[in-house]
Amino acid sequence: MQKFACRGQTALALLIACCLVLGTTTVAGADAEIDDFDDGIVEDVQEESADVAGEELVYESPVIEPRKFHFADHFDDVEASRKQWVHSQAKKDDTAEEIAKYDGIWNWESPQRIVWPKDKGLVLKSKAKHAAISSRLIKQFDFKSKKPLVVQYEVTMQEGQECGGSYIKLLSAGKETDDLTTFNDKTPYTIMFGPDKCGNDVKMHFIFRHVNPINGTITEKHCNKPKNRLEEPFKDKLPHLYQLVVRPDNSFEIRLDHKIINEGSLLTDFKPAVNPPAEIDDPADQKPADWDEREKIPDPSSQKPDDWNDDALPQIPDVTAVMPDGWLEDEPDMIADPTAEKPEDWDTEIDGEWEAPLVDNPACEKAPGCGKWQAPHIPNPEYKGKWRAPMIENPNYQGKWAPRKIANPDFFEDLMPFQMTPISAVGLELWSMSNEILFDNLIITDDVDVARDFAANSFDIKRRYIDKESKTLWHRMMRHMNYKPGWWALYFLYLLIPASCYVFYLYRRAKEDSAASAAAAQAKKTDEPQPDDENEPAGEEDESEEDSSAQVAGESSSSSPKKNKKSDLDNKEQAKQEENSDEPTQTEESTTKSTRKRTVRKD
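Here the sequence shown stands for residues 2 to 604, numbered as in the working numbering.
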């Protein structure tokens, strides 16, 4: 049985492994099919090149040519990078003094999951603290240059993220940003971009501050949310690449790991809209007192019927009901517990007059009921409810009132919202409940190809190496499922069907073996013939029986002296046997399955 169970467990493990491989292939095909038809995800034309067999992936810090970038930092040169970034010494307004200061800790170090020792990043080490750090651009980005703005950086949430942001701010040029040590949440910025999450609220921020061309007021414009929830970067603890491209034609693209997750226009896909409406409601217009907005009114010609009783009750006592025999009207349902005693520590002045608790009246146990009898209620046949006149179309209906429209005095039409305030610095101003957030390979450029090449020499190599090192069966299954509960349930059912069938098969086999073992044991108790006994020769059975009889006789003679006396016939036969043989006699002792010989001494 143990060998059979062991073989069964091994076979079951092999079966589950095969199902996992087949399931992974199936789910991968399903995901590929979904991605092809998912309107919320637009695949980029760039595809990851397949690794050449035996290719060794080596990371080298990307080359930064100042003429190609407005800002670039791969953080690998720790000493140079430290000189470039400025820690904020400011305090938040309208915040308690103990948490107002920007005292979050920043450090340059390798990722927790070290791929190459030379690869460094800027890490937010503290949590539940305000942290701010910023750096001046190599050269100011001016939107009037008619070149696209490309912002790209990596984020690795090494401890996951439950509540906090990992976005960056592109600080506006001006007097407020001359001293970066005063960088805080009120510092003017042109664009804020990046991921943010708190609980179930997951966001991909793209906010730009638009300047009213008439009065100079500034309004934040928030991009519409992507169609898909972006939860994976907050929990998989892997590096992810975020890219924002804003073009002079007012179009924009947001990419996550080279995939477009959101795109649109600055004019139509932001709230509030860039351009206000040309007409607005007249605030001085008031609805007339006699304006009738009722579409239907009660029919004034309708009369209540004479037999209609508004005061009739929905239910009335049943006049045909009779009190059951044996009903005890003089007995209450509940009585004071005669066995209860007043507690010794009861204080009448504090606790009040003591009363025994109520219990069911024992006299009512066998009776139909106790107390005052009341007839049961039945529906009232005269009840019709409150009468109301039927509704008819209102002949005086004037429609829903709305104030008249007037020209919007604040109207303007900005057809080029791309021309934003110039950018002079980049900053990270965060508050997070998770620490160990790593930022890497932050660049600002005006050429999409430059950003693509920079990612190919940094992020792409890093992810290819990580994917290559973690290509286990479980990891592939997780990635194909994309952490979706629906796929989890489908995958579980996929595995449960063959596993259940095999377990049921093992159970039946074990049950049959158990029944056979029980039958064999019962047969041994009752001395029933067994298959092994039936196959033995008849001669051996006879000899075994004779030897067993001889053994029993010998044991009986040694245990009881009174039985040592033999008859004359027995003595004659024994003497004859001694004459015929000078050697000790051998007898056979038989068991149910084998025969063995035993030497018996002569008397």
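C-beta: ideal position from N, C-alpha, C; glycine also.
Since the model is a prediction, treat every value here as computed from it, not as a measurement.
Does the distance from the C-beta atom of residue i to that of residue j stay below 7 Å?
i, j, result
"Phe-184", "Gly-428", "yes"
"Leu-1", "Tyr-466", "What is shown of the chain runs 2 to 604, which leaves residue 1 out entirely."
"Phe-70", "Ile-407", "no"
"Cys-199", "Cys-224", "no"
"Asn-442", "Ile-281", "no"
"Pro-318", "Tyr-384", "no"
"Trp-129", "Tyr-103", "For clarity, residue 129 is Ala in the given sequence; the question names Trp instead. Taking 7 Å as the Cβ cut-off, Ala-129 and Tyr-103 do not qualify as a contacting pair."
"Asp-311", "Ala-390", "no"
"His-88", "Trp-432", "no"
"Asp-186", "Glu-430", "yes"
"Arg-405", "Asp-283", "yes"
"Phe-460", "Glu-155", "yes"
"Ser-135", "Gly-105", "no"
"Thr-182", "Ala-426", "no"
"Asn-251", "Phe-419", "yes"
Contact check, residue i vs residue j under 8 Å by CB: the rounded distance?
i, j, result
"Pro-149", "Arg-248", "5 Å"
"Val-151", "Asp-447", "6 Å"
"Glu-342", "Cys-365", "Between Cys-365 and Glu-342 the Cβ distance is about 24 Å, and since that is not below 8 Å, they are no contact."
"Ile-298", "Met-421", "The pair is not a contact, with the Cβ atoms about 56 Å apart (cut-off 8 Å)."
"Tyr-243", "Gly-195", "6 Å"
"Ile-424", "Leu-245", "Not really, about 12 Å apart at Cβ, beyond 8 Å."
"Asp-77", "Lys-121", "5 Å"
Keeping to the same chain, check which residues put their C-beta closer than 6 Å to that of residue i; ignore five residues upstream and five downstream.
i, result
"Ile-192", "Leu-171 and Phe-209"
"Asp-468", "none"
"Glu-345", "none"
What number of angstroms, rounded off, separates the C-alpha of residue i from the C-alpha of residue j?
i, j, result
"Ala-457", "Lys-260", "14 Å"
"Glu-296", "Pro-396", "9 Å"
"Pro-325", "Pro-339", "29 Å"
"Ser-82", "Ala-101", "27 Å"
"Glu-414", "Asp-293", "38 Å"
"Pro-610", "Gly-265", "Residue numbering for the chain in the displayed model covers 2 to 604; residue 610 lies beyond these limits and cannot be assessed."
"Val-449", "Leu-257", "15 Å"
"Ala-368", "Ile-336", "16 Å"
"Cys-371", "Leu-359", "15 Å"
"Glu-232", "Ser-435", "15 Å"
"Arg-495", "Asp-270", "Residue identity check: residue 495 is Tyr in the sequence provided, not Arg. Whole-angstrom Cα-Cα distance: 42 Å."
"Gln-113", "Met-417", "44 Å"
"Asn-605", "Ser-111", "Examination of residue 605 is not possible in this model, given that the chain is present from 2 through 604 alone."
"Lys-236", "Ile-215", "45 Å"
"Trp-117", "Ile-462", "11 Å"
"Asn-108", "Leu-123", "6 Å"
"Pro-234", "Gln-85", "28 Å"
"Gln-162", "Tyr-168", "13 Å"
"Lys-145", "Thr-96", "38 Å"
"Thr-220", "Ser-173", "14 Å"
"Lys-140", "Phe-72", "7 Å"
"Pro-377", "Ala-313", "17 Å"
"Arg-453", "Gln-90", "35 Å"
"Leu-1", "Thr-157", "Because residue 1 is not part of the residues shown, which for the chain are 2 to 604, the question remains open."
"Ala-511", "Ala-490", "30 Å"
"Phe-455", "Val-504", "54 Å"
"Ala-290", "Leu-268", "41 Å"
"Gln-399", "Lys-288", "12 Å"
"Glu-92", "Val-203", "Looking at the sequence provided, one finds Lys at residue 92 rather than Glu. Computed Cα separation, rounded: 27 Å."
Where does residue i land, buried or exposed, given buried means 16+ other C-beta within 10 angstroms?
i, result
"His-206", "buried"
"Gln-159", "buried"
"Asn-201", "exposed"
"Gly-386", "exposed"
"Glu-356", "exposed"
"Pro-240", "buried"
"Thr-26", "Residue placement at Thr-26 is poorly supported in this model, since its pLDDT is 46, which falls under 50; the coordinates still yield a value, given next. Label assigned to Thr-26: exposed."
"Val-275", "buried"
"Val-79", "exposed"
"Asn-381", "exposed"
"Arg-509", "exposed"
Tell me which residues share the same chain as residue i and place their Cβ nearer than 8 Å to its Cβ, disregarding the 5 neighbours each side in the sequence.
i, result
"Pro-306", "Trp-388"
"Lys-272", "Lys-222, His-223 and Asn-225"
"Ala-279", "Ala-408, Asn-409 and Phe-412"
"Ala-322", "Ala-376 and Pro-377"
"Gly-30", "Interpretation of Gly-30 is limited by its pLDDT of 45, a score under 50 that renders its predicted location unreliable; the figure taken from the coordinates is listed afterwards. Nothing meets the Cβ criterion."
Skipping 5 residues on each side, what residues in its chain have a beta carbon closer than 7 Å to that of residue i?
i, result
"Trp-374", "Met-324, Trp-328 and Glu-330"
"Asp-361", "Met-335"
"Glu-254", "Val-246, Ile-261 and Glu-264"
"Asp-286", "Pro-404 and Arg-405"
"Val-64", "none"
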